[in-house]
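Peer 1: First residue of the sequence shown: 1, per UniProt numbering; consecutive thereafter. Using N, Cα and C, we set each Cβ at its ideal position, and we do this for glycine too. Computed from a prediction, not measured in an experiment: that's the story for all the values here.
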Amino acid sequence: MSDEEDSEVVAVAAAIELLEEAGDFDNVNPAAADDDDHDSSSFVDSDAEVDRLQCLVSSNPYDYNSHLALIKIMRDSELGLWRARQNMSQVFPLTEALWLDWLKDEIREAKTDSRREKVYGLFERAVKDYICPEIWLEYAQFSIGGIGQEGGIARVRAILERAIIEVGLHVTKGAAIWETYREFENAILATMQPAPGSVPTPEQQENIKAQLQKIHSLYRRQLGVPLIDMESAFLEYQQWTEEPIPEAALQNYAKALKQLQKYKPYEDALLIAEAPKLAEYEAYIDLEMRIKDPARIRLIYERALSENCLVPDLWIRYTQYLDRQLKVKSLVLSVHERAVRNCPWIVRLWNQYLLAMERHEVEHQVISETFEKSLQACFTQATDYVEIWHTYLDYLRRRVDFTRDSSQELEELRSTFARALQYLKEDVEERFHESGDPSCSLMQAWARIEACFCNNMQKARELWDLIMVKGNAKYANMWLEYYNLERVYGDGLHSRKALYRAVQCTQDYPEHVCEVLLTLERIEGTLEDWDAAVERTETRLARLKEQRAKVAVKEAALAKQQEEKAEQRKQAQAEKKALKKAQKSKAGNKRKADSDGEWVEEGVAFKRPKGGTRHMSEEELEELELQRNIELEAELFGRKDAPKVLHDSKKEGFTVFVSNLPYLMSKPEKKLRRLFAKCGEVAEVRPIFTNKGAFRGYGYVEFKDERSILQAFKLDRTLVEGRPMFVSPYVDKSKNPDFKVFKYSTDLELHKLFISGLPFSCTKEDLEELCKGHGNVKDIRLVTNRAGKPKGLAYVEFENEMQASQALLTMDGLTVKGHVINVAISNPPSRRAPEKPESQSQNLSFWQASGSRRKGRTQLAMVPRALQRQSNPASKAENGTLQNPTAMPSLPGERPKMTNADFVKLLLKKC
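#1: Assuming D779 is part of the beta strand (DSSP E), what are its boundary residues?
#2: Measuring CB to CB, does P196 end up less than 8 Å from Q204?
#3: What does the Cβ neighbour count give for W240, buried or exposed, with the cut at 16 atoms within 10 Å?
#4: Write down the C-beta distance between D229 and A163 rounded to the nearest angstrom, noting that I regard them as a contact closer than 8 Å.
#5: If we call anything under 8 Å between Cβ atoms a contact, is S728 one with F654?
#6: Run through DSSP, which three-state label would S232 get?
#7: When the Cα atoms are used, what is the spatial distance from V156 to R419?
#8: Can you name the start and end residues of the beta strand (DSSP E) that Y795 belongs to?
#9: Which partner residues of T815 appear in the DSSP bridge assignment?
#10: Around the Cβ of R707, are there at least 16 other Cβ atoms within 10 angstroms (buried) or fewer (exposed)?
#11: DSSP puts R686 in a beta bridge; with which residues?
#12: Excluding the 5 residues flanking M478 on each side, which residues of the same chain have their C-beta closer than 6 Å to its C-beta?
#13: Would you mind working out which of C514, G492, P312 and L715 sits nearest A502, comparing C-alpha positions?
#14: What is the DSSP secondary structure of L719, reduced to helix, strand or coil?
#15: Helix, strand or coil for P133, going by three-state DSSP, please let me know.
#16: With 16 other CB atoms within 10 Å as the buried threshold, where does Y139 fall?
#17: For L218, count the other beta carbons within 10 Å of its own beta carbon; 16 or more makes it buried, fewer makes it exposed. Which is it?
#18: Taking 8 Å as the threshold (C-beta atoms), are D51 and W99 in contact?
#19: Within 10 angstroms of the Cβ of C55, are there 16 or more other Cβ atoms? Answer buried if so, exposed if not.
#20: Return the Cβ separation of P682 and R673 in integer angstroms, given the expectation that the two are a contact with Cβ distance under 8 Å.
#21: Note the first and the last residue of the continuous beta strand (DSSP E) segment covering K752.
#22: Verify whether the separation of the beta carbon atoms of H360 and L322 is less than 8 Å.
#23: Using the Cβ count rule (16 or more neighbours within 10 Å means buried), how would you classify D293?
#24: Run through the DSSP bridge pairs and tell me what T655 is partnered with.
#25: Since I believe P276 is in contact with E307 (beta carbons under 8 Å), could you give me their beta-carbon distance rounded to a whole number of angstroms?
#26: Using a threshold of 8 Å, state whether the C-beta atoms of N226 and A269 are closer than that.
#27: Determine the burial state of P510: buried for a count of at least 16 other Cβ atoms within 10 Å of its Cβ, exposed for fewer.
#28: Once you ignore the five residues that flank R865 on each side, which residues in its own chain have a CB closer than 6 Å to its CB?
#29: State the Cα-Cα distance for the pair Y730 and I73, rounded to the nearest angstrom.
#30: Grab me the residues of Y301's own chain with a C-beta within less than 7 Å of its C-beta, minus the 5 sequence neighbours each way, in chain order.
#31: Looking at A382 and the ligand HEM, is the gap between the Cβ and the nearest heavy atom below 7 Å?
#32: According to DSSP, V727 sits in a beta bridge with which residue or residues?
#33: Can you look up S761 in the DSSP assignment and give me helix, strand or coil?
#34: Can you tell me whether DSSP reads E598 as helix, strand or coil?
#35: How many Å lie between L53 and Q381 at the Cα?
#36: For the pair the region 516-529 and the region 553-570, tell me if three or more CB-CB distances fall below 8 Å.
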């Protein structure tokens, strides 16, 4: 070994010793690293949990939480920890804490030069994920520990210079990097000093002078940067130097101090704000954008992203700034790559990345691989996949030289278009249950390329036929787009044909399409062409006018019906209010006491309670009247009222409500039990009967197992003796008056057709035979009334929207068994909420007559005609008692109105 090399090694060793004594190099010896963090995060390694997490990560590499959990549980396992960290770092940028844990673990094991080189590579990866001062400090300290190797001092200086560039401008943490750099150079300077009492050689003097110049340069560079506590660095420089500080350095220092005053409010706001401090960082970014220092703008973006790495808008703003202002390839592509790793679900970041790669002329293979990664990013919308395909296809189109008839790039473009359509059909539609591209923009772009650049109108027409079949034939703008393509790149025959098809199929703006057709024939067509166009447009517009007139009539009738209902409700409310007022005014006249101490009301006597005279409340009178009516019915018919079925909320999960059953069904309990036995064990069947013992057509079926009602619901609309049986949940409608079960969708269903005008004799088999030629029919539902009779309406569900659209274009207006049918996309009107019944303060009772669906129980067929008089509208029965029993007859000679008690006496007297 030469004397020069020997002196350098001695100098390096002395520098390390000085740094250790100064306390600024705690981690030079990797073996001295503290193991507390490692021990505190140790977990019991569970093989089952590890296997589960590995399966999750393998199936979905973008499952961030599973990656974290796997690293955490394998922290004490030396075998798989490195692999778990490696897998996560390939998908996501690691946070500062994750990198520091990983680096400390690796530094602890770096006993050989090869292991140290591995750690160097790990540090290089770490500093690229985020700009973190702590990682750069760790990197610098680790590199100082290797200055004994060949070129060690140069490596340390290179790392520290990079750290100064990356984080040296950090207002609060940048000073630590500058201080580390100065201490390192001071340690080198100390090793160059000659021994006490010796005279330095000229070479030594030159080396010392050069080293002093380096330290001067570091101080002056630092004093020109606005940093927290920069006054201390200035005082330290004054004490260290033996020379006067240059005027330029003083001016830079004064300028930096002034600039620091601008930054302090923003740094203070960050200091007191709670994470993630997004608003404070955005204000800071706006400040730097006004100052327009690229290095500081980049640093503040990096600081903001280190705490808001999952905020897509921040990444978008950052990448746009780099694309438009800096335009440095290595920097721009690095940030784009980090952006898509942090927010892989944002399609705009992937689009910008692909465009940036094309802008900086990255190899085609790399761009293709990046695009394939984007397809695995799990976008949140179907339209996102359409957008990323557009970006990639635009890139491929720009690579093609269309002056050549055929080329490898053109074939790749065509095959990629075909693959994109297949991908949207098989992958996107299966995941989102929608195409994401209803207007077929990809196929439109393909057709334009074929027509414009390749002169292949045949392929363009084939593509537009597919576009129209996919449900776009009803839109005027789609036909006009196709027409314009034919006008520019096709011929007159096909452009005229496109307009004729548009007139026939357009549903949104047919008048506009007719106008375009007439304009074309007026300018370019012959007389025969003009006559044909006029005839076609007039026929179409006449049919359209007729359809709109029918719709207008229906809407007018519906509006009138609504107005009549509103008026009826208003009138009923007014009558009810007047009736209540009359009841209150006559309440005293309806009660009177006889001389024997009994209360007498309309021929019925009640015992007066001891303690004197009192007036009975209306509620007590109603309850007594109800009891009297029940006893009277029992006396007339020789039977008691059937017990009322009360709602039991505990049985809601075990019971179904069965309705629309035949009223003449014999033994309904036995038949319902047998019908529902296949759904599960039946606990009880409760058919509902009238007072005369007639079946009301509905009842309740209670199961022992709650799961049985799911099978029972499948029997909904099953024919029972010719009527469709309705099976619905068992719900207390007094508490849920708006509850209504409707099993079919009321939204727009593009794969389902609504057919009207069918003959009543048309069966499901007939309709299936008619529709199966247009696609795969999944289901057919004939609409019937409550009695099970057909209404001439049907819903036909196809396998997809394209088949339904094709059937619509062909079947609309067909004649089936002498009936012209109308076909439309299924879009039922939203079902109106049931109108709430008017509030009634009185209970429905024995004598009430309130309409055909709720007739009073004692509207007997044996009532003599002489008694069947039109009641005075002002005198209405309520709770079985006429409110105006003494009213005079409305017509001369008409008998006076009889009370219920008078009617009972009359019947008993005749008996």
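Peer 2: By the coordinates alone:
#1: Residue 779 sits at position 779 when you count from the first residue of the sequence shown. Looking at the DSSP string, the run of the beta strand (DSSP E) that includes D779 is V777 to T784.
#2: Locating residue 196 in the sequence shown gives position 196, where the first residue counts as 1. Locating residue 204 in the sequence shown gives position 204, where the first residue counts as 1. No, these two residues do not count as a Cβ contact at 8 Å.
#3: One-based indexing of the sequence shown puts residue 240 at position 240. The residue is exposed, with fewer than 16 neighbouring Cβ atoms inside 10 Å.
#4: Taking the sequence shown and counting its residues from 1, one reaches residue 229 at position 229. Taking the sequence shown and counting its residues from 1, one reaches residue 163 at position 163. Not quite, the Cβ-Cβ distance comes to about 19 Å (not below 8 Å), so this is no contact.
#5: As a first step, residue 728 is located in the sequence shown; it is residue number 728 there, counting from the start. As a first step, residue 654 is located in the sequence shown; it is residue number 654 there, counting from the start. No, the pair does not count as a contact, with Cβ atoms beyond the cut-off.
#6: For the purposes of this step, residue 232 is identified with residue 232 of the sequence shown, where counting begins at 1. Here S232 sits in helix by DSSP.
#7: If you number the sequence shown from 1, residue 156 lands on position 156. If you number the sequence shown from 1, residue 419 lands on position 419. Going by the C-alpha atoms only, they are around 52 Å apart.
#8: As a first step, residue 795 is located in the sequence shown; it is residue number 795 there, counting from the start. Residues P790 to F798.
#9: By one-based count along the sequence shown, residue 815 stands at place 815. Looking at the DSSP assignment, T815 forms a beta bridge with V820.
#10: Looking up residue 707 in the sequence shown gives position 707. Exposed, because fewer than 16 other Cβ atoms sit within 10 Å of the Cβ of R707.
#11: For the purposes of this step, residue 686 is taken as the residue at position 686 of the sequence shown. Partner(s): Y700.
#12: Within the sequence shown, the letter at position 478 stands for residue 478. Correct list, in chain order: N472.
#13: Taking the sequence shown and counting its residues from 1, one reaches residue 502 at position 502. Here the closest residue by C-alpha is C514.
#14: Stepping through the sequence shown from its first residue, residue 719 is reached at position 719. L719: strand per DSSP, three-state reduction.
#15: For this step, residue 133 is matched to residue 133 along the sequence shown. The answer is helix: DSSP assigns P133 an H, G or I state.
#16: The residue labelled residue 139 in the question sits at position 139 within the sequence shown. Its Cβ being crowded by 16 or more others within 10 Å, Y139 is buried.
#17: Start at 1 with the first residue of the sequence shown, and residue 218 comes out as number 218. Classification of L218: buried, given that the 10 Å Cβ count is 16 or more.
#18: The residue labelled residue 99 in the question sits at position 99 within the sequence shown. The residue labelled residue 51 in the question sits at position 51 within the sequence shown. Cβ atoms of W99 and D51: not closer than 8 Å.
#19: Within the sequence shown, numbered from 1, the residue matching residue 55 stands at position 55. Classification of C55: exposed, given that the 10 Å Cβ count is below 16.
#20: Counting from 1 along the sequence shown, the entry for residue 682 is found at position 682. Counting from 1 along the sequence shown, the entry for residue 673 is found at position 673. It should be noted that the sequence gives Val, not Pro, for residue 682. Sure, about 5 Å apart at Cβ, within 8 Å.
#21: Start at 1 with the first residue of the sequence shown, and residue 752 comes out as number 752. Run containing K752: E749 to S756, per the beta strand (DSSP E) assignment.
#22: Position 360 of the sequence shown holds residue 360. Position 322 of the sequence shown holds residue 322. Contact flag unset, no.
#23: Counting from 1 along the sequence shown, the entry for residue 293 is found at position 293. It is exposed - the Cβ of D293 has fewer than 16 other Cβ atoms within 10 Å.
#24: By 1-based counting over the sequence shown, the position of residue 655 is 655. DSSP, once it has assigned bridges, lists E702 as partnering T655.
#25: If you number the sequence shown from 1, residue 307 lands on position 307. If you number the sequence shown from 1, residue 276 lands on position 276. Rounded, the Cβ-Cβ distance is 5 Å, consistent with contact.
#26: Here the question's residue 226 lines up with position 226 in the sequence shown. Here the question's residue 269 lines up with position 269 in the sequence shown. The sequence given here has Pro at residue 226, not Asn. The answer is no: Cβ separation not under 8 Å.
#27: As a position in the sequence shown, residue 510 is number 510, starting the count at 1. Per the 10 Å Cβ criterion, buried.
#28: Counted from its first residue, the sequence shown places residue 865 at position 865. Because R865 carries a pLDDT of 46, less than 50, the predicted location of this residue cannot be relied on, and no value is offered for it.
#29: On the sequence shown, residue 730 is found 730 positions in, with the first residue counted as 1. On the sequence shown, residue 73 is found 73 positions in, with the first residue counted as 1. Answer to the nearest angstrom: the Cα atoms are 50 Å apart.
#30: Locating residue 301 in the sequence shown gives position 301, counting from the first residue. So the list reads I285 and Y318, once near-sequence residues are dropped.
#31: In the structure shown, the ligand HEM is absent, as is every other ligand, since no ligand is present at all.
#32: Indexing the sequence shown from 1 puts residue 727 at position 727. Per DSSP, V658.
#33: Stepping through the sequence shown from its first residue, residue 761 is reached at position 761. S761: coil per DSSP, three-state reduction.
#34: Position 598 of the sequence shown, counted from the first residue, corresponds to residue 598. Unreliable positioning characterises E598 in this predicted model, as indicated by a pLDDT of 42, which lies under 50. The coordinate reading is nonetheless provided below. DSSP places E598 in strand when its eight states are reduced to three.
#35: Here residue 53 refers to the residue found at position 53 of the sequence shown. Here residue 381 refers to the residue found at position 381 of the sequence shown. Approximately 27 Å, taken between the alpha carbons.
#36: no
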